[in-house]
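Encoded as structure tokens, the structure appears first; notes follow it.
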Amino acid sequence: MRWKQAYIPTLKEAPADAEVISHKLLTRAGMIRKLTSGIYVYLPLGLKSLNKIANIVRAEMNRAGAQELLMPTVQPADLWKESGRWEFYGKELLRFKDRNERDYCLGPTHEEVVTDLIRGEVRSYRQLPLNLYQIQTKFRDEIRPRFGLMRGREFLMKDAYSFDRDSEGADKSYQAMYDAYMRIFRRLGLKFRAVEADTGSIGGKFSHEFMVLADTGEDLIAACGQCAYAANVERAEVNPPSAKKAVCGPAREIATPGMHTIEEVAGFLNISAKALVKTLLFNADGKPVAALVRGDRQINEIKLKNCLNAVDLVLATPEEVQAWTHAPVGFAGPVGLWEGVRVVADHELLAAPADGWVVGANRADAHLLNVDLERDARIDFYADMRSIEESDPCPRCGGTVALTRGIEVGHVFKLGLKYSEAMHAVFLDENGREQTMVMGCYGIGISRVLAAAIEQNNDKDGICFPPPLAPCEAVVISLDPNAENVAAKALAIHDFLEKSGVDVLLDDREERPGVKFKDADLVGFPMQIVVGGKGLGRGVVEVKDRRTGEKTELPADGFENAFAEWKKRVYAGWGID
RNA sequence: CGGGAUGUGGCUCAGUUUGGCUAGAGCGCAGCGUUCGGGACGCUGAGGCCGCGCGUUCAAAUCGCGCCAUCCCGACCA
Numbered sequence: 028m029r030w031k032q033a034y035i036p037t038l039k040e041a042p043a044d045a046e047v048i049s050h051k052l053l054t055r056a057g058m059i060r061k062l063t064s065g066i067y068v069y070l071p072l073g074l075k076s077l078n079k080i081a082n083i084v085r086a087e088m089n090r091a092g093a094q095e096l097l098m099p100t101v102q103p104a105d106l107w108k109e110s111g112r113w114e115f116y117g118k119e120l121l122r123f124k125d126r127n128e129r130d131y132c133l134g135p136t137h138e139e140v141v142t143d144l145i146r147g148e149v150r151s152y153r154q155l156p157l158n159l160y161q162i163q164t165k166f167r168d169e170i171r172p173r174f175g176l177m178r179g180r181e182f183l184m185k186d187a188y189s190f191d192r193d194s195e196g197a198d199k200s201y202q203a204m205y206d207a208y209m210r211i212f213r214r215l216g217l218k219f220r221a222v223e224a225d226t227g228s229i230g231g232k233f234s235h236e237f238m239v240l241a242d243t244g245e246d247l248i249a250a251c252g253q254c255a256y257a258a259n260v261e262r263a264e265v266n267p268p269s270a271k272k273a274v275c276g277p278a279r280e281i282a283t284p285g286m287h288t289i290e291e292v293a294g295f296l297n298i299s300a301k302a303l304v305k306t307l308l309f310n311a312d313g314k315p316v317a318a319l320v321r322g323d324r325q326i327n328e329i330k331l332k333n334c335l336n337a338v339d340l341v342l343a344t345p346e347e348v349q350a351w352t353h354a355p356v357g358f359a360g361p362v363g364l365w366e367g368v369r370v371v372a373d374h375e376l377l378a379a380p381a382d383g384w385v386v387g388a389n390r391a392d393a394h395l396l397n398v399d400l401e402r403d404a405r406i407d408f409y410a411d412m413r414s415i416e417e418s419d420p421c422p423r424c425g426g427t428v429a430l431t432r433g434i435e436v437g438h439v440f441k442l443g444l445k446y447s448e449a450m451h452a453v454f455l456d457e458n459g460r461e462q463t464m465v466m467g468c469y470g471i472g473i474s475r476v477l478a479a480a481i482e483q484n485n486d487k488d489g490i491c492f493p494p495p496l497a498p499c500e501a502v503v504i505s506l507d508p509n510a511e512n513v514a515a516k517a518l519a520i521h522d523f524l525e526k527s528g529v530d531v532l533l534d535d536r537e538e539r540p541g542v543k544f545k546d547a548d549l550v551g552f553p554m555q556i557v558v559g560g561k562g563l564g565r566g567v568v569e570v571k572d573r574r575t576g577e578k579t580e581l582p583a584d585g586f587e588n589a590f591a592e593w594k595k596r597v598y599a600g601w602g603i604d
């Protein structure tokens, strides 16, 4: 491949509307261009990278026994009505009508389509298990697309769906996909972690997310330093404390004029926030709920939603708080609270401080001291509902948990019967009895992997691509394409590499050396091979490892063998052999 | 959807507060010359409905109203 003939429009400056590093670099490196909000054109180099990721995913999916197919982007509304998601999925589903006024949508995911396909064709247990996947463009009309390819509206995704005759079989399919995902992300040369996850709107029994580790990631991961436990903070469990019954004097009121926040109250009373109870009011499917956590903790809305079995959970408005507690925001408490409000508490509150809790008095400018929740308040139930924090004990082994940031690039779900039941995907077992198929679904955001890889691997000069997903593994920089010996040597090296299976780009442009060096660093080809008159005069060509920046001289004669050695070292640096 | 901001050659931006003559700079692009191992320099040149519409005014990139687009924060979500 020759740079002169290639379309690689690199930019010195990033467009003003690019915010995150991967978006800036992808644009500057001439790999993508934005068409409109959340929708991008993949330029030749960007597409090359995308295809490399897709091919690794494809190889591992095939190896795991899944079969590739391709489903349509346009889907009929009927199927979505049948699964119940036409109403449930919301505005993220882009809907439209055809010329006959029939409803359609652009597929954000394909559970409905595969399930429809399979239920019509698969009739016998002999045809199961089955695992089908595709690599296809998805469209989700995100509320707020952002961060370039990280959260586009249109994006490339690999989605796989497994069908099994029973739950044990589904577990095996799940495990096979989990293993395949581990191999995929290892092969890509990325630092990643598989974590336990919440199942979200897709639903189902349990799931794991695959996180590419990067400080710029949107997700927080809690990982144990001692055992293998790792989970999304949304989901990470917190064990209950060993409850101790505190005996304290009777509750009494104290004036706290104008003290609304935990910090203000704690400061005013000169006590630790740990002695306070934070009472948060929520509107759960239209009903008022008070959720209690210790003053220094964060409520975990996902856990709360799950333990309430709520569909829709939003923080109460100031007006609702006033109506429910008869006090302005900042003075709510569980004692003497209106009976119409359900009161739930984080199980950490089972362990009270010696002097009891400090809680809001449901009256402006007042709090209560020496509160014993069991004695003085009405708690409907205790449950795990706060977010895990740095150095909390691990819920499995009691070790210490550390928090890191990650980008979700893959997600595996055990769906169970959710769609097969709703859409009647059944088969006959060996006794001629009708059984419902047990499903799983498994996604990888191919275009997001590209962005995540860059978020994880970049420096001030540009992208440092892991070799497996770089648009080209190597670039041969011909410093003086007009000098016959330089041009000839550069071309010879290029041809040799191409023949030996290295994906290589020859920079044969008539540009000054600086421009070529900058561009090579920017695009982030893992291996740079510099052919110049000076080096050739001394019988060497220079090679540079983009990741480390380390430069080495290899003999111009006998380059082939020396290169093979060097390449091994570069790949070893990425943890790839 | 709520809050904030921005919109001027392909890209980055100045000019808008206080309306005024032919709308500028750097990068990029084309031509010529000199250069040539980490984004060279000189000269010449092409390229603009100043987001769109309506209004105010002798006069609008600049003021007013409306719309559209994009970005950021939030709710939401993979």
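As numbered in the numbering used here, residues 28 to 604 make up the first sequence, in order. For each residue, glycine too, the CB sits at the ideal point set by N, CA and C. Since the model is a prediction, treat every value here as computed from it, not as a measurement.
Residue interval of the beta strand (DSSP E) (run including P582): 578-582
Uninterrupted beta strand (DSSP E) stretches inside the region 179-241 (no shorter than 3 residues): 181-191, 219-223, 234-240
Helix, strand or coil at Q32 according to DSSP, with G and I counted as helix: helix
For Q102, is the classification buried or exposed, using 16 other Cβ atoms within 10 angstroms of its Cβ as the cut-off for buried? buried
Taking the DSSP output, what are the residues bridged to R450? For the record, residue 450 in the displayed sequence is Met; it is not Arg. Answer is none; M450 lacks a bridge partner.
Assuming Y152 and E448 are in contact, meaning their beta carbons sit under 8 Å apart, how far apart are those beta carbons, in whole angstroms? In fact, because the Cβ distance is near 17 Å, the residues do not count as touching under 8 Å.
Taking Cβ positions, are R178 and F166 nearer each other than 8 Å? no
Would the region 256-274 count as touching the region 407-425 if we require 3 or more Cβ pairs under 8 Å? Touching, per the Cβ criterion.
In terms of residue numbering, what span does the alpha helix (DSSP H) encompassing S505 cover? Per DSSP, S505 belongs to no alpha helix (DSSP H); it is in the beta strand (DSSP E), 501-505.
Residues that DSSP places opposite Q462 in a beta bridge: F454
So, for L217: in the same chain, excluding its five sequence neighbours on each side, which residues have a beta-carbon less than 7 Å away from its beta-carbon? V239, A480, Q483, P493
Cα-Cα, which of V386, H50, A317 is closest to T243? Nearest option by C-alpha distance: H50.
Q102 - containing beta strand (DSSP E), residue span: Where Q102 is concerned, the enclosing beta strand (DSSP E) stretches over 101-103.
Look up I83 in the DSSP assignment and say whether it is helix, strand or coil. helix
Cβ-Cβ separation, G470 to D44 (assumed contact under 8 Å), whole Å: In fact, because the Cβ distance is near 28 Å, the residues do not count as touching under 8 Å.
Which two residues bound the contiguous beta strand (DSSP E) that contains C334? Element bounds for C334: not the beta strand (DSSP E) but the alpha helix (DSSP H), 328-335.
Would you kindly report the start and end of the unbroken alpha helix (DSSP H) that includes L518? Element bounds for L518: 511-526.
Backbone secondary structure at I473 - three-state DSSP: helix
Between the C-alpha atoms of T18 and E500, what's the straight-line distance to the nearest angstrom? Residue coverage of the chain in this structure runs from 28 to 604, which leaves residue 18 outside it and unanswerable.
Based on DSSP bridge pairs, tell me the residues matched to H50. None; H50 has no bridge partner.
Provide the residue span of the beta strand (DSSP E) that contains W593, from first to last. It is not in any beta strand (DSSP E) - W593 instead sits in the alpha helix (DSSP H) that spans 586-600.
Mind checking H137: buried by the 16 CB within 10 Å criterion, or exposed? A buried status is given to H137, since no fewer than 16 other beta-carbon atoms sit within 10 Å of its beta-carbon.
Tell me whether the beta-carbon of I406 lies closer than 8 Å to the beta-carbon of A372. yes
Extent of the continuous beta strand (DSSP E) to which P315 belongs: 314-321
DSSP three-state call for A404: helix, strand or coil? coil
Looking at the structure shown, is I298 part of a helix, part of a strand, or coil, going by DSSP? coil
Contact between the region 105-125 and the region 182-200 is defined here as three or more beta-carbon pairs at a separation below 8 Å; is this criterion met? With a cut-off of 8 Å, the region 182-200 and the region 105-125 do not count as touching, because too few Cβ pairs lie within range.
Can you find the residues in the same chain that come closer than 6 Å, C-beta to C-beta, to K571, ignoring five residues on each side of it along the sequence? Q555, K578
Quick one, are the C-beta atoms of V47 and H235 less than 8 Å apart? no
According to the neighbour-count rule (16 or more other Cβ atoms, all chains shown, within 10 Å of its Cβ), is Q202 buried or exposed? exposed
Bridge partners for C251 per DSSP, in chain order? In the DSSP output, where bridge partners are listed per residue, C251 has V428.
As assigned by DSSP and simplified to three states, the class of I170: coil
Taking all protein chains shown into account, decide if G276 is buried (16 or more other Cβ within 10 angstroms of its Cβ) or exposed. exposed
Would you kindly check if the distance between the Cβ of I80 and the Cβ of L496 is under 8 Å? yes
For H394, the three-state DSSP class (helix, strand or coil): strand
Please determine if the region 119-126 and the region 161-176 are in contact, where contact requires at least 3 C-beta pairs separated by less than 8 Å. yes
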